[in-house]
Ligand SMILES: [Zn+2]
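Numbering (our numbering), first residue to last: 90 to 325.
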């Protein structure tokens, strides 16, 4: 594969109600970054069809992180590699498992979100997101264990770079496409929105200071930015 020729297209447009899903194309090689929620499966398939593609034509998935709005259509793509951080995977599996504990979840959640009490509305918000998350979360929807390729040990396909942005969740990655002066950055939830971050209903950052630095770092790349929950824009 030629090193810098990945083309990016939106399959699902990010908004306050759903995450950005991206098709990466290099010649006749296709990858998908983030797959969305179960009810978005028909939209995702339609977006592929409009480009003459079927799920079987996709050679690999890349996950920015494992919150429910980003990974629950992974099962539409069986048998192909899923590139992700093991840290982000293990953290999320453990989070959703602990959130299912009706009696102790409020205490357990502090393991994952130690800054919860720094936020005025976090308790109420967490309860809401917990219900939403538990309704959707099924480990079989994120792919099977033999599909995972941990980016801690293996690089992404040539021409794609990993930019670790752990402020949103530990091990969160943004994907940098191209290594020229003006890259395309698939930010995931390291950058939710160009200027409406506060309107996106998502979990609070794992680490607020790091989250701020991640956002600044992405904006400083002065490229085309694909936020996790908003339309693409050019930084600079
Ligand atoms: Zn999200």
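We put the beta carbon where it would ideally sit given N, CA and C, even for glycine.
The structure presented is a predicted model; accordingly, all values stated were derived computationally and were not measured.
With a cut-off of 8 angstroms, the C-beta of residue 114 is classified as distant from ligand 1, since no heavy atom of the ligand falls inside that distance.
With a cutoff of 8 angstroms, residue 173 does not count as near ligand 1, since its C-beta is closer than that to no heavy atom of the ligand. Straight-line spacing of the CA atoms in residue 224 and residue 117 works out to 37 angstroms.
By the Cβ neighbour-count rule, residue 282 is buried, with 16 or more other Cβ atoms within 10 Å of its own. Taking the C-beta atoms as reference points, residue 161 is found no nearer than 9 angstroms to residue 243.
Nearest to residue 292 by alpha-carbon distance, out of 219, 150, 301, is 219. Taken through DSSP and simplified to helix, strand or coil, residue 157 comes out as helix.
Look at the beta carbons and you see the segment 264–280 not touching the segment 196–209: under three pairs across the two are nearer than 8 angstroms. A distance criterion of 8 angstroms places the beta-carbon of residue 278 in contact range of ligand 1, judged by its closest non-hydrogen atom. Around the C-beta of residue 163, 16 or more other C-beta atoms lie within 10 Å, and the residue is accordingly described as buried.
Using a 10 angstroms sphere on the CB of residue 274, the tally of other CB atoms reaches 16 or more, which defines it as buried. At the C-beta level, residue 149 and residue 167 stay beyond 9 angstroms of one another. In the three-state scheme derived from DSSP, where H, G and I count as helix and E and B as strand, residue 256 is classed as coil.
Counting the other Cβ atoms within 10 Å of the Cβ of residue 213 gives fewer than 16, which makes it exposed.
Contact between the segment 125–145 and the segment 175–194 is absent: fewer than 3 CB-CB pairs across the two stretches fall below 8 angstroms.
Going by DSSP, residue 300 is part of the alpha helix (DSSP H) stretching over 297–308. Distance from the CA of residue 232 to the CA of residue 325, rounded to the nearest whole angstrom, comes to 37 angstroms. According to the DSSP assignment, residue 239 belongs to the beta strand (DSSP E) that extends over 237–239. In the structure shown, residue 223 falls within a helical segment according to DSSP collapsed to helix, strand and coil. Placement of the Cβ of residue 291 at a distance of less than 8 angstroms from at least one heavy atom of ligand 1 is found.
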